[in-house]
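Participant:
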Ligand code: GLU
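In my numbering, the protein residues as written are 4 to 311.
1) Below 6 Å CB to CB, which residues in the same chain sit around residue 287 once its five sequence neighbours on both sides are set aside?
2) So what does DSSP say about residue 312, is it helix, strand or coil?
3) Report buried or exposed for residue 183, applying the criterion of at least 16 other Cβ atoms within 10 angstroms of its Cβ.
4) Extract the residue ranges of the alpha helix (DSSP H) inside the stretch 30 to 63, only unbroken runs of 4 or more that lie entirely within it.
5) Along the chain, where does the alpha helix (DSSP H) containing residue 221 start, and where does it finish?
6) So, are the CB atoms of residue 18 and residue 264 less than 9 Å apart?
7) Tell me which residues share the same chain as residue 290 and place their Cβ nearer than 7 Å to its Cβ, disregarding the 5 neighbours each side in the sequence.
8) If residue 282 sits next to residue 269, beta carbons under 8 Å apart, how far is it from one beta carbon to the other, in whole angstroms?
9) Measuring straight from C-alpha to C-alpha, what distance separates residue 164 and residue 204?
10) Tell me the DSSP bridge mates of residue 145?
11) Would you tell me roughly how many angstroms separate the C-alpha atoms of residue 298 and residue 271, rounded to the nearest one?
12) To the nearest angstrom, how far is the alpha carbon of residue 243 from that of residue 236?
13) Taking 8 Å as the cut-off, does the stretch 167 to 175 touch the stretch 64 to 83 (at least 3 CB pairs, one atom from each stretch)?
14) Per the contact definition of three or more C-beta pairs closer than 8 Å, is the stretch 5 to 18 in contact with the stretch 247 to 267?
15) Using DSSP bridges, identify the partner residues of residue 95.
16) Can you give me the C-alpha to C-alpha distance between residue 151 and residue 213, rounded to a whole angstrom?
17) Less than 6 Å between C-beta atoms, sequence neighbours within five positions excluded: which residues of the same chain meet that for residue 106?
18) With distances taken between CB atoms, is the gap from residue 40 to residue 74 smaller than 9 Å?
19) Skipping 5 residues on each side, what residues in its chain have a beta carbon closer than 7 Å to that of residue 60?
20) Would you tell me roughly how many angstroms separate the C-alpha atoms of residue 328 and residue 277, rounded to the nearest one?
21) Within a Cβ cutoff of 7 Å, which residues of the same chain sit near residue 194, ignoring the five residues on either side of it in sequence?
22) Can you say whether residue 259 is buried or exposed, counting buried as having 16 or more other CB atoms within 10 angstroms of its CB?
23) What do you reckon, are the CB atoms on residue 88 and residue 274 nearer than 9 Å?
24) In the DSSP assignment, find the beta strand (DSSP E) that holds residue 6 and state where it starts and stops.
25) Please classify residue 304: does DSSP put it in a helix, a strand, or coil?
26) If the criterion is Cβ atoms closer than 9 Å, does the pair residue 154 and residue 98 meet it?
27) Could you work out which residue in 175, 198, 78 is closest to residue 216 when comparing CA atoms only?
28) Given 8 Å as the limit, tell me if residue 2 has its C-beta closer than that to any heavy atom belonging to the ligand GLU.
29) Among residues of its own chain, excluding the 5 on either side of residue 229, which ones have a beta-carbon nearer than 7 Å to its beta-carbon?
30) Which one of 186, 95, 219, 5 has the shortest CA to CA distance from residue 77?
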């Protein structure tokens with residue numbers, strides 16, 4: 004059981020589309036089930052119209068999924084319950100620190116890549132053991148606390164299905180519930196993947212640093228861990244994750260220019276090392292000889308013109 008977990012924060016571009024094609028192929032080539040989950044809890048970055056466009060673009064590319072899409076904003080109770088459980092067991096604690104205070108108190112540099120909501124600097128533990136409970140934190144500071152998960156290990160080593168053995172270094176207690184009481188990405192993704200019985204998480208490797216945190220949450224909540232498969236990013240000429248500044252590589256723009264789905268999927272297959280440049284094919288055509296091992300081991304450029 005796999006999943007596509009787009010955040011409706013913007014248009015589907017070549018980078019996400021390639022990752023979704025790989026997630027689709029990995030599951031479908033083994034006859035597995037693929038779910039679709041809209042990760043729409045990333046606050047101000049979420050654009051309401053983006054979810055519908057995403058589903059439309061995925062359908063146009065020939066990437067299907069099983070069952071009805073699930074939307075995280077409709078599942079807030081599940082995340083709240085998990086956060087309460089971790090708090091009740093002393094595995095999480097109230098934290099009233101603002102981002103700015105954390106930055107000022109932290110001497111360690113930002114590790115980077117903490118998750119879609121960018122976790123900021125390493126948390127120095129200011130509020131660890133400081134309050135008896137949420138009410139105490141509110142009364143003592145007049146602030147609404149977030150909840151942080153206690154990290155008492157330096158690393159959670161794991162075997163990645165593409166990237167191989169990982170040291171899984173993990174630094175600092177991390178937020179699982181924000182001050183506005185919304186769930187943090189790290190908690191929501193774990194609760195959902197477990198509740199939906201997802202046993203393969205294939206995603207881009209900018210989330211590799213999040214995985215040790217998620218593994219700690221699986222263990223703390225007594226949930227079955229999936230296999231993680233992190234694939235290299237599609238990047239621009241500067242080596243950074245493909246983004247708007249590299250030009251418009253949105254699926255929508257290719258559609259508007261009259262590029263057909265088979266040409267675009269053929270190009271994605273080329274970016275996956277599965278077909279030569281200029282190939283024309285649909286996802287189903289790639290199933291028979293799909294091998295994750297064909298994937299180039301490092302980042303690939305996605306900002307060059309497509310040909311064919
Ligand atoms: N929704 C996340 C994103 O688009 C992906 C989360 C995941 O695959 O774990 O960045």
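Ideal Cβ positions, reconstructed from N, Cα and C, are used throughout, including at glycine.
Facilitator: From the atom records:
1) Position 284 of the chain shown, counted from the start, is the residue given in the question as residue 287. Excluding sequence neighbours, residue 287 sits near nothing in its chain.
2) Any answer about residue 312 is impossible in this case: the structure gives the chain only from 4 up to 311.
3) For the purposes of this step, residue 183 is identified with residue 180 of the chain shown, where counting begins at 1. Counting C-beta atoms within 10 angstroms of its own C-beta, residue 183 has fewer than 16 neighbours from the protein chains shown and is therefore classed as exposed.
4) Counting only runs that start and end inside the stretch 30 to 63, the alpha helix (DSSP H) elements of at least 4 residues fall at 53 to 63.
5) On the chain shown, position 218 is the one that residue 221 refers to. DSSP places residue 221 in the uninterrupted alpha helix (DSSP H) bounded by 214 to 223.
6) Position 15 of the chain shown, counting from 1, holds the residue named residue 18. Position 261 of the chain shown, counting from 1, holds the residue named residue 264. Residue 18 is not a Cβ neighbour of residue 264, given a cutoff of 9 Å.
7) Here residue 290 is taken as the residue at index 287 of the chain shown, counted from 1. Once the five neighbours on either side are set aside, the close Cβ partners of residue 290 are 28, 31, 32.
8) Taking the first residue of the chain shown as position 1, residue 282 is located at position 279. Taking the first residue of the chain shown as position 1, residue 269 is located at position 266. With a Cβ gap of about 4 Å, residue 282 and residue 269 count as contacting.
9) Here residue 164 is taken as the residue at index 161 of the chain shown, counted from 1. Here residue 204 is taken as the residue at index 201 of the chain shown, counted from 1. Residue 204 has its alpha-carbon roughly 9 Å from the corresponding atom of residue 164.
10) Here the question's residue 145 lines up with position 142 in the chain shown. Residue 145 is not bridged to any residue.
11) Within the chain shown, numbered from 1, the residue matching residue 298 stands at position 295. Within the chain shown, numbered from 1, the residue matching residue 271 stands at position 268. Roughly 11 Å between the two C-alpha positions.
12) By 1-based counting over the chain shown, the position of residue 243 is 240. By 1-based counting over the chain shown, the position of residue 236 is 233. C-alpha of residue 243 to C-alpha of residue 236: approximately 9 Å in a straight line.
13) When C-beta atoms of the stretch 64 to 83 are compared with those of the stretch 167 to 175, fewer than three pairs fall below 8 Å, so the two segments do not count as touching.
14) Three or more beta-carbon pairs separated by less than 8 Å link the stretch 247 to 267 to the stretch 5 to 18, which places the two stretches in contact.
15) Taking the first residue of the chain shown as position 1, residue 95 is located at position 92. By DSSP's assignment, residue 95 forms a beta bridge with 152.
16) Residue 151 sits at position 148 when you count from the first residue of the chain shown. Residue 213 sits at position 210 when you count from the first residue of the chain shown. Computed Cα separation, rounded: 15 Å.
17) The residue labelled residue 106 in the question sits at position 103 within the chain shown. Excluding sequence neighbours, residue 106 sits near 124.
18) Position 37 of the chain shown, counted from the first residue, corresponds to residue 40. Position 71 of the chain shown, counted from the first residue, corresponds to residue 74. At the C-beta level, residue 40 and residue 74 come within 9 Å of one another.
19) As a first step, residue 60 is located in the chain shown; it is residue number 57 there, counting from the start. The beta carbon of residue 60 is closer than 7 Å to those of 15, 254, 255 in its chain, skipping five residues each way along the sequence.
20) In the structure as shown, the chain starts at 4 and stops at 311, and residue 328 therefore has no counterpart that could be examined.
21) On the chain shown, residue 194 is found 191 positions in, with the first residue counted as 1. If we look at residue 194 and ignore the five residues flanking it on each side, its Cβ neighbours are 81, 82, 85.
22) By one-based count along the chain shown, residue 259 stands at place 256. Exposed, because fewer than 16 other Cβ atoms sit within 10 Å of the Cβ of residue 259.
23) Residue numbering aside, residue 88 sits at position 85 when the chain shown is read from its first letter. Residue numbering aside, residue 274 sits at position 271 when the chain shown is read from its first letter. With contacts defined by Cβ atoms closer than 9 Å, residue 88 and residue 274 do not form a contacting pair.
24) Walking along the chain shown from the start, residue 6 turns up at place 3. First-last of the beta strand (DSSP E) with residue 6: 5 to 7.
25) In the chain shown, the residue the question calls residue 304 occupies position 301. In the structure shown, the three-state DSSP call for residue 304 is strand.
26) As a position in the chain shown, residue 154 is number 151, starting the count at 1. As a position in the chain shown, residue 98 is number 95, starting the count at 1. No. Outside cutoff.
27) In the chain shown, the residue the question calls residue 216 occupies position 213. Nearest C-alpha to residue 216: 175.
28) The requested residue 2 does not occur in the structure, where the chain is confined to residues 4 to 311.
29) Position 226 of the chain shown, counting from 1, holds the residue named residue 229. Closer than 7 Å at the Cβ level, and outside the excluded window around residue 229, lie 196, 201, 202, 203, 204.
30) Here residue 77 refers to the residue found at position 74 when the chain shown is read from its first residue. Looking at 186, 95, 219, 5, the one whose alpha-carbon comes closest to that of residue 77 is 186.
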